[in-house]
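Numbering follows our numbering, in which position 92 of the sequence shown is assigned residue number 246; successive positions increment by one, without gaps.
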Amino acid sequence: MSGRRTNNDAPRRRSRAQSALVAAYRQGLGLAAVAVARSPAGLRITVLASDDGTQTAADATAAAAHWWCRRAGDAARVVVAARLQLRRRESCDEAARVTAAASPRSSGARSDALSLACASIVSAANELNVALYTDEEIFADAQRIIARVDEEIEALRRAGELRSVNSSYRTYRMAAAARGESVMRYAEWFGKYRETLARRLAEALRYA
155 MSGRRTNNDA
165 PRRRSRAQSA
175 LVAAYRQGLG
185 LAAVAVARSP
195 AGLRITVLAS
205 DDGTQTAADA
215 TAAAAHWWCR
225 RAGDAARVVV
235 AARLQLRRRE
245 SCDEAARVTA
255 AASPRSSGAR
265 SDALSLACAS
275 IVSAANELNV
285 ALYTDEEIFA
295 DAQRIIARVD
305 EEIEALRRAG
315 ELRSVNSSYR
325 TYRMAAAARG
335 ESVMRYAEWF
345 GKYRETLARR
355 LAEALRYA
């Protein structure tokens with residue numbers, strides 16, 4: 155996977171169930187996002203990471219641009235190097251604009267701040283030999299894990315072993331009712347079960 159695109163134009167017409175499974179995959183892998191985030195002071199290059207990945211994904215989606223890293227430590231290294239590169243690029247950009255203003259014949263157009271930040275991130279990752287992944291690339295990888303989850307569930311069904319899963323749901327339902335909590339419908343609960351399997355498979359890949 156090359157990771158040379160930003161995620162701003164990625165298709166987002168996915169079902170809620172798909173999105174939840176992909177989020178479970180990201181959490182299992184422990185992905186961190188390198189992002190160009192908006193702030194009152196302007197754009198900034200930063201690393202987004204959290205214990206469960208949920209806030210990371212939300213922050214990354216809200217960012218001006220982002221990529222995923224397999225390791226939080228790599229993401230932090232890319233951010234440090236990208237910030238240094240961005241400062242150098244901004245200095246060159248400023249010099250070009252000063253030259254353009256002083257020379258009417260010059261066509262030195264001002265570079266876009268977001269483009270400079272994105273270029274700095276990609277360049278820094280290349281220099282550090284750190285792979286960057288887009289949402290679409292992570293989604294494609296997650297689909298392979300999700301397919302494995304569904305294959306395992308189908309194998310359980312054929313073997314008549316889904317009874318134990320259904321029994322777990324009944325146990326959950328009784329316990330939740332005893333605590334006075336609202337009870338998830340079976341379809342919702344089973345979706346959470348699929349997410350747990352996806353997360354565990356991703357964790358196995360993470361520590362392989």
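Note that beta-carbon positions come from the ideal geometry of N, C-alpha and C, so glycine has one too. Everything numeric in this text was worked out from a predicted model, so none of it was measured.
Around the beta carbon of THR210, a 10 Å sphere encloses 16 or more other beta carbons of the protein chains shown; the residue is thus reported as buried. In the three-state scheme derived from DSSP, where H, G and I count as helix and E and B as strand, SER269 is classed as helix. Looking at the DSSP output, ALA329 sits in no beta bridge, so it has no partner there. Inter-residue distance for ALA352 and CYS223 is about 19 Å (C-alpha atoms, whole angstroms). Just so you know, the alpha carbons of GLN172 and SER245 end up roughly 44 Å apart. Beta-bridge partners assigned by DSSP to TRP343: none are found.
Membership of LEU183 in the alpha helix (DSSP H) is indicated by the continuous run 170-183.
By the Cβ rule, the region 231-244 does not count as touching the region 298-317, because fewer than three pairs are nearer than 8 Å.
VAL337 is positioned such that its CB atom lies closer than 8 Å to that of ARG327. Residue burial annotation: ALA178 is buried, with at least 16 other C-beta atoms found within 10 angstroms of its C-beta.
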